[in-house]
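S.K.:
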Amino acid sequence: MQCCNANFDKCLHYVSPGHGGWGVIRVAALVPESRMLFISPFACGRHGALGGTLAGVKDRISYLFIDESDIVSGNYEEMIPNAVEELFEFLGERPKVLFYFVSCLDDLLGTDHEAVCALLSEKYPDVHFRSCHMNPFQMDTAIPPMVGLQLNIYSLLPEGRKKNPKQINLLGNNEPVNKSCELFRYAAAQGFTVKHITDCKTFEEFESFAESCLNIIVTPPAKKAGVELEERLKIPYLIRFVTYDVEEIKDFYLSLFAKLNMTPVDMTSDIEKAENAFKAAKKVIGDFPIAIDFQAIKAPFCLARVLLQHDFNVQLICADQVLEFDKANYEWLGQNYPDLEVMNPLHPDTVKFEYKGRDFLCIGFDAGYLTGSKHVVDFLDDAGNYGFDGVARLSNLMIKAYEQEADVNKMINDAGLII
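Here full-length UniProt numbering is used: position 99 in the sequence shown is 99, and no number is missing along the way.
1) Whole angstroms is fine: what's the gap from residue 412's alpha carbon to residue 247's?
2) At the level of alpha carbons, what is the spacing between residue 10 and residue 364?
3) Out of 142, 100, 147, 112, point me to the one whose CA is closest to residue 127's CA.
4) Who pairs with residue 131 in a beta bridge, going by DSSP?
5) According to DSSP, is residue 33 part of a helix, a strand, or is it coil?
6) Spatial neighbours of residue 416 within its chain, please: CB distance less than 7 Å, with the 5 preceding and 5 following residues excluded, ordered by chain position.
7) Which residue wins for smallest C-alpha separation from residue 218, given the options 387, 231, 91, 14?
8) Taking buried to mean at least 16 other C-beta atoms within 10 Å of its own C-beta, is residue 139 buried or exposed?
9) Just verifying my parser: in three-state terms, what is the DSSP assignment at residue 169?
10) Let me make sure I understand the geometry here. Which of 351, 355, 119, 35 has the alpha-carbon closest to that of residue 341?
11) Excluding the 5 residues preceding and the 5 following residue 5 in the sequence, name in chain order all residues of the same chain whose CB lies nearer than 7 Å to its CB.
12) Determine the direct distance from the alpha carbon of residue 400 to that of residue 289, and round the result to whole angstroms.
13) Is the beta carbon of residue 175 closer than 8 Å to that of residue 384?
14) In the DSSP assignment, find the beta strand (DSSP E) that holds residue 237 and state where it starts and stops.
15) Please check the pair residue 369 and residue 16, which I expect to be a contact at CB under 8 Å, by giving their CB distance rounded to whole angstroms.
16) From the DSSP secondary-structure annotation, give me the bridge partner or partners of residue 293.
17) Does the region 32–49 come into contact with the region 60–70, if we say contact requires no fewer than three beta-carbon pairs (one atom in each stretch) closer than 8 Å?
18) Does the region 338–353 come within contact of the region 307–321, defined as at least 3 CB pairs closer than 8 Å?
19) Label residue 162 either buried or exposed according to how many other C-beta atoms from any shown protein chain fall within 10 Å of its C-beta, with 16 as the threshold for buried.
20) Pull up the CB-CB distance for residue 259 and residue 214, whole angstroms please, since I reckon it's below 8 Å.
21) When the Cα atoms are used, what is the spatial distance from residue 347 to residue 28?
22) Leaving out five residues on either side along the sequence, give the residues of the same chain with a beta carbon under 6 Å from the beta carbon of residue 200.
23) Could you tell me the distance, in whole angstroms, from the CA atom of residue 145 to the CA atom of residue 156?
24) Measure the C-alpha to C-alpha separation of residue 116 and residue 81 and round it to an integer number of angstroms.
25) Going by other Cβ atoms of all chains shown within 10 Å of its Cβ, with 16 needed for buried, is residue 405 buried or exposed?
26) At which residues does the alpha helix (DSSP H) containing residue 307 begin and terminate?
27) With 16 other CB atoms within 10 Å as the buried threshold, where does residue 312 fall?
28) Are the region 274–291 and the region 303–312 touching, with three or more C-beta to C-beta distances below 8 Å?
29) Would you identify the three-state DSSP class for residue 7, choosing helix, strand or coil?
30) Alpha carbons only, please: which of 120, 107, 73 is nearest the one belonging to residue 88?
31) Residue 360 and residue 371 - do their beta-carbons sit closer together than 8 Å?
32) Below 8 Å, can you find three or more Cβ-Cβ pairs linking the region 103–114 to the region 183–198?
33) Could you compute how far the alpha carbon of residue 72 sits from the alpha carbon of residue 102?
See below:
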């Protein structure tokens, strides 16, 4: 299929072994001193258990399995407080936060989770309770599970904290931005500290995020959380999703300097480093065909545009939809490169494996699996890339992938993917 008529129909999904991401379990576990309780039938619980094992957090997850009789009897809502009481008695020491997750079944039952959380909070005032969803029912709603989880995580930040005019938060990126990123250097030079949830060892440290003067929204799922924090805690936000467009990065920093009344930084050397990295990668890779995977790159059409503008031979994009912030790039590609192919890796037709046997340099292992390519960038969710440094890091990874043959199965296993 071509860029101008890519098939993004809502239909039955094909899910390859390379499809998936962090999953709600692994993301919720980023909150220090937190615990998760899954309330679901056995099959859904098995999915959660495997996810916890793969993410290395199985010791922080508990389960309340329900069956048909629990649903028919109407005891479902009463079971949740009873399960929490039993869990806390078993643990001895209570967690600072308990996320309890419900599955698709709960959407059919219409549970009043606000009332459940209020009841639990009254009984255990030293614990923060948040109800979360782990189900595909909400994927096409205004608040899909991962967006809802980001809202729940940052709703934990307390009100009334004195603001630190020199503290910035990064929101939404599961992996921390690489410390080699120039953002930290620019900030430190003028006395600013940049914080991320992975820096926090205790819940108290995490609560100090409420003192920050600015939230930088790094990924789309955290946008609503950023808006909520501005309304509730009066922390302004600046949206700059990960991009590999040098001009967009430059514009972001200019906006950041203005927002925080910082002295503008001379970015010339960092811009040259990024552009030279592209040139070095092009020199090595030449016209070898490139495929871009939406699980690796959250703005795949943007990256495709940037690489094509730097004379790379991008031939295939694997994406299941066009996100709003990437739409202009998609339209640009349709106008300027109408023969560029776009494959929806979740479409049932994907099982035909029509790209098998065409060797690409794949940015992302799902594209690597679907094409059977030997050259694959081992990459998920932009892998901590950000700013000019992110451009250089991606370019270097592309060179490495081109020069070495990949073990895609090992990449998939090591990633610990959750659907």
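All residues carry an ideal CB built from backbone N, CA and C; glycine is no exception.
Note that the structure is a prediction, hence the values are computed from the model and not measured.
M.R.: In short, the structure shows the following:
1) If you number the sequence shown from 1, residue 412 lands on position 412. If you number the sequence shown from 1, residue 247 lands on position 247. Going by the C-alpha atoms only, they are around 33 Å apart.
2) The residue given as residue 10 occupies position 10 in the sequence shown. The residue given as residue 364 occupies position 364 in the sequence shown. Cα to Cα, residue 10 sits roughly 23 Å from residue 364.
3) Along the sequence shown, read from residue 1 onward, the residue named residue 127 stands at position 127. Nearest C-alpha to residue 127 among 142, 100, 147, 112: 100.
4) Numbered from 1 along the sequence shown, position 131 holds the residue referred to as residue 131. DSSP links residue 131 through a beta bridge to 100.
5) Here residue 33 refers to the residue found at position 33 when the sequence shown is read from its first residue. When DSSP states are grouped into helix, strand and coil, residue 33 belongs to the coil group.
6) Along the sequence shown, read from residue 1 onward, the residue named residue 416 stands at position 416. Excluding positions up to five away in sequence, the list reads 54, 55.
7) By 1-based counting over the sequence shown, the position of residue 218 is 218. It is 387.
8) Position 139 of the sequence shown, counted from the start, is the residue given in the question as residue 139. In summary, residue 139 is exposed, with fewer than 16 beta-carbon neighbours lying within 10 Å of its beta-carbon over all protein chains present.
9) As a first step, residue 169 must be located in the sequence shown, where it is residue number 169. Note: residue 169 maps to strand in three-state DSSP.
10) Position 341 of the sequence shown, counted from the start, is the residue given in the question as residue 341. For residue 341, the nearest C-alpha among the options comes from 355.
11) The sequence position of residue 5 within the sequence shown is 5, counting from 1. Interpretation of residue 5 is limited by its pLDDT of 46, a score under 50 that renders its predicted location unreliable; no figure is taken from the coordinates.
12) Translated into the one-based positions of the sequence shown, residue 289 becomes position 289. Translated into the one-based positions of the sequence shown, residue 400 becomes position 400. So the two alpha carbons sit approximately 15 Å from each other.
13) Walking along the sequence shown from the start, residue 384 turns up at place 384. Walking along the sequence shown from the start, residue 175 turns up at place 175. For residue 384 and residue 175, yes; Cβs fall inside 8 Å.
14) Stepping through the sequence shown from its first residue, residue 237 is reached at position 237. That run of the beta strand (DSSP E) goes 237–239.
15) The count along the sequence shown starts at 1 and reaches residue 369 at position 369. The count along the sequence shown starts at 1 and reaches residue 16 at position 16. Contact between residue 369 and residue 16 holds: CB atoms are separated by about 6 Å, below the 8 Å threshold.
16) Your numbering for residue 293 matches position 293 in the sequence shown. Residue pairing by DSSP places residue 293 opposite 318 in a beta bridge.
17) Because the criterion of three Cβ pairs below 8 Å is met, the region 32–49 and the region 60–70 touch.
18) As far as the Cβ criterion goes, the region 338–353 touches the region 307–321, which means the pair count is three or higher.
19) Reading the sequence shown from its first residue, position 162 is the one you call residue 162. Exposed: under 16 other Cβ atoms inside 10 Å.
20) As a working note, residue 259 is residue 259 in the sequence shown. As a working note, residue 214 is residue 214 in the sequence shown. So it is a contact: roughly 6 Å between Cβ atoms.
21) Your numbering for residue 347 matches position 347 in the sequence shown. Your numbering for residue 28 matches position 28 in the sequence shown. Each residue's Cα considered, the two are about 29 Å apart.
22) To locate residue 200, count along the sequence shown from 1; it is residue 200. Only 32, 206 meet the Cβ criterion.
23) Start at 1 with the first residue of the sequence shown, and residue 145 comes out as number 145. Start at 1 with the first residue of the sequence shown, and residue 156 comes out as number 156. Going by the C-alpha atoms only, they are around 17 Å apart.
24) Here residue 116 refers to the residue found at position 116 when the sequence shown is read from its first residue. Here residue 81 refers to the residue found at position 81 when the sequence shown is read from its first residue. Cα-Cα distance, rounded: 8 Å.
25) Mapped onto the sequence shown, residue 405 falls at position 405. That one is exposed.
26) Here residue 307 is taken as the residue at index 307 of the sequence shown, counted from 1. Unbroken alpha helix (DSSP H) run through residue 307: 300–309.
27) As a working mapping, residue 312 is identified with position 312 in the sequence shown. Classification of residue 312: buried, given that the 10 Å Cβ count is 16 or more.
28) Segments in contact, yes.
29) Taking the sequence shown and counting its residues from 1, one reaches residue 7 at position 7. In the displayed model, residue 7 falls within coil according to three-state DSSP, outside both helix and strand.
30) Along the sequence shown, read from residue 1 onward, the residue named residue 88 stands at position 88. For the options 120, 107, 73, the alpha carbon positioned closest to that of residue 88 is the one of 120.
31) On the sequence shown, residue 371 is found 371 positions in, with the first residue counted as 1. On the sequence shown, residue 360 is found 360 positions in, with the first residue counted as 1. It is a contact, given that the beta carbons lie within the stated cut-off.
32) In short, these stretches do not touch, since the Cβ pair count stays below three.
33) Sequence index remark: in the sequence shown, residue 72 carries index 72 (1-based). Sequence index remark: in the sequence shown, residue 102 carries index 102 (1-based). Spanning the alpha carbons of residue 72 and residue 102 requires a straight line of approximately 17 Å.
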